[in-house]
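Structure record follows, encoded as structure tokens.
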Amino acid sequence: MLCDSRRLLTVGIPAAAILAASSLCAWEWPRLPRLRLPLPRLGAGAGAAAAAAGGGSEEKWPGRPFGVEEVHARQRDGSGLNVRVKQEIIVNNRVKQHDVAAGRPASRGGSDGAAFRVAVVLEENSSVVLPSGAEVVDATLCDESGLKISVKQEVQYQCASGNTSVYALRELYAPPKWFRMSSLEITYKLASAPTTEPSRQRPPGVTVLAQIGNTSMDRWADLMHCMSQVSLAMRAEGHGFSVFLTFQENISSKEMRGFELDARRAFGSGAVRSIRVQNRGADIGPYLRQLQVLSGQSPRAVEILNVPEDSPFVRSQRLRGPEAFDTFLKVHSKSDRSHRRRWLRDLCGDVEKVRHVYSQFKRSKSLGMVGASAQVVQYPQVTGRYQVWGHTDIDAMKRTWKMMQPCVPFDIPMRVARIIAGSFYWARPDAVMYQIILHSTEKLIESMPSGYKTRSTGQTSHALERLMPTMAVAVCGLDVVSVDELGSSG
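Residues in the sequence shown are numbered from -17 upward in steps of one, following this note's numbering.
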């Protein structure tokens, strides 16, 4: 099951008319500074544990966006809302019936080919959740004097991300200073019900996702030892094992083939796949490409890079990843030898360590990500001599969130923010591979500079190092812990 887009709820929006007490969930207000990221009702995960440990008086979340049908029902009942719904029934591209208050908005078109076009008017500082499958026809910001600015592209992009929450907040759309925003009007239509296939159950086992940025044999030997221990552990469990390698474009095909052959000899040719990717975003850019391919996408930019050099007339082929199992292990060819070996030793140093982590994922459905010992760092903690929550990195988190969710504000209690330092970790696929991230992969990678510079900060890749574990908690309701904390989480 992918992360539920309905978890992306807002806090801190001064829309008192929308805030019905019956729809709110209990929370204890944090005493730490706050970023702006929508935080949902958390399950029995780390976020809930953080709340329980926080102390202080219990309060309610100020609100969440109502669904269109709920807004329409309250509108008929005369409830005071600052979101209005009006509906038109379209037959053969003509308005057949105009409905403002009678009946609830029909969710889908009928068998006679009719479609329903719905206009939702949000006063400033209000929000709404559009139905799944809504096709946004138009979206405009409205001025008090009647002027309009189109934000159709932003709202369409938002809905395509899998989260159909939309907020009428001036700060999200940045209209000119002279524009006195009064409302956001969204028109969408629904025809026949969409056919959605249930997500396929992944078979039990481990898929290792390794990002190779350097062909040093010393680094490769460390990664091979890790993968060998995972392979042996899965053989003992009777579960599956596969390896997915990414090589940056500056690595020659000859070197790629040598490493790939090495892995295939060890694990079997059917268990190993590799692709060449752009040299962007250190290990994070290649990792996003791996997630794309595993989700069934075949990025054109990567297809072109994977045309064999000795076959210049061969057309690019659709990329195919290895069989993806229900647990991921992300590792990469980190340059710092001591850190690389310590983290690999913690996560996959021997068969027993692998089986211990793997068994925890099987026992606890709330376990989302597991980092090396002491490498899961919550705000405002630091790791070693590095400041992992500097202003530049927090600003990068805001910018990166805006790329993925242009119509949803960024608001989260900072105690929920996490980073897995070094980006070596185990993960449940649902914690890292879902539509909000996948939909924006091209835009995210395009924003990453080419090459890699040590000690750099504030880039999209750094933001995703923080956002991915933070979203695993805040969006997916999962636990993100270090391997030395596993004893208390099962």
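Idealized CB from N, CA, C, for every residue including glycine.
Whole angstroms is fine: what's the gap from residue i's alpha carbon to residue j's?
i    : j    : result
I401 : H221 : 30 Å
G350 : A456 : 11 Å
S341 : R201 : 28 Å
E10  : R397 : A caution first: E10 carries a pLDDT of 30, below 50, which makes its placement in the model unreliable, though a value can still be read off. When rounded, the distance between both Cα atoms is 12 Å.
G303 : S165 : 46 Å
A473 : L301 : Since the first residue of the chain shown is -17 and the last is 472, residue 473 is not available in this structure.
S317 : V352 : 21 Å
N107 : L151 : 5 Å
K130 : W160 : 12 Å
Q274 : T452 : 20 Å
T382 : I266 : 13 Å
G481 : R323 : No information on residue 481 is available, as it lies outside the stretch -17 to 472 that the chain covers here.
Y269 : E219 : 27 Å
A238 : A378 : Reading off the sequence shown, one finds Met at residue 238, where the question assumed Ala. If I take the Cα positions, the gap works out to 33 Å.
P391 : Q140 : 12 Å
Q135 : S355 : 43 Å
P113 : L172 : 9 Å
F343 : M216 : 14 Å
H338 : T146 : 39 Å
S315 : L205 : 7 Å
V137 : V254 : 40 Å
R182 : P431 : 35 Å
S5   : T169 : For S5, the predicted model reports a pLDDT of 29, less than 50, meaning its position is unreliable and no value from the coordinates is stated.
A454 : S127 : 43 Å
D125 : C208 : 59 Å
P185 : F223 : 10 Å
R345 : L214 : 20 Å
V313 : F98  : 49 Å
S348 : L460 : 5 Å
I418 : S320 : 35 Å
Q369 : F241 : 35 Å
V359 : D393 : 19 Å
Below 8 Å on the Cβ atoms is my contact criterion, and I expect residue i with residue j to pass it. Report the Cβ-Cβ distance as a whole number of Å.
i    : j    : result
A121 : V111 : About 15 Å; that fails the 8 Å criterion.
S143 : Q357 : 29 Å between Cβ atoms; not a contact.
Y407 : A264 : About 15 Å separates the two Cβ atoms, so there is no contact after all.
E231 : L276 : E231 to L276, Cβ: 20 Å. No contact.
V148 : C389 : 5 Å
Y361 : A403 : About 13 Å separates the two Cβ atoms, so there is no contact after all.
V67  : V100 : 6 Å
L311 : V212 : 6 Å
R271 : V289 : R271 to V289, Cβ: 16 Å. No contact.
M385 : S422 : 6 Å
I'd like to confirm the pairing. Which residues does DSSP put opposite residue i in its beta bridges?
i    : result
G303 : Note: G303 sits in no beta bridge, so no partner.
C124 : K130, S165
A378 : DSSP, once it has assigned bridges, lists no residue as partnering A378.
G115 : None; G115 has no bridge partner.
M351 : A409, V462
V188 : F223, T309
V339 : Answer is none; V339 lacks a bridge partner.
R255 : F226
S432 : R262
D204 : DSSP, once it has assigned bridges, lists no residue as partnering D204.
W359 : Correcting the residue type first, residue 359 is Val in the shown sequence and not Trp. Answer is I401.
Q193 : T228, H314
K171 : R99, E117
L243 : Per DSSP, none; premise fails for L243.
S147 : V111
E105 : S165
R66  : V103
Buried or exposed: residue i, going by 16 or more other Cβ atoms within 10 Å of its Cβ?
i    : result
L420 : buried
T436 : exposed
P281 : buried
S256 : buried
M163 : buried
L243 : exposed
V462 : buried
G187 : buried
M199 : exposed
A116 : buried
A245 : buried
V488 : Shown here, the chain extends from -17 to 472; a query on residue 488 therefore has no answer.
A203 : exposed
Using beta carbons (cut-off 9 Å, strictly below), is residue i in contact with chain D?
i    : result
L426 : Among the protein chains of the structure shown there is no chain D, as only one such chain exists.
Between the region 156 to 167 and the region 193 to 210, do three or more beta carbon pairs fall short of 8 Å?
no
Take every Cβ of the region 408 to 428, pair it with every Cβ of the region 254 to 268, and state whether three or more of those distances are shorter than 8 Å.
yes
Inter-stretch contact (C-beta, 8 Å, three-pair minimum) for the region 431 to 448 and the region 324 to 333:
no
Mind the definition here: the region 409 to 418 touches the region 367 to 376 only if three or more C-beta pairs lie below 8 Å; say whether that holds.
The answer is no - the region 367 to 376 does not touch the region 409 to 418, with fewer than three Cβ pairs under 8 Å.
Taking 8 Å as the cut-off, does the region 181 to 191 touch the region 219 to 235 (at least 3 CB pairs, one atom from each stretch)?
yes
Three or more C-beta pairs below 8 Å linking the region 305 to 312 and the region 454 to 469:
no
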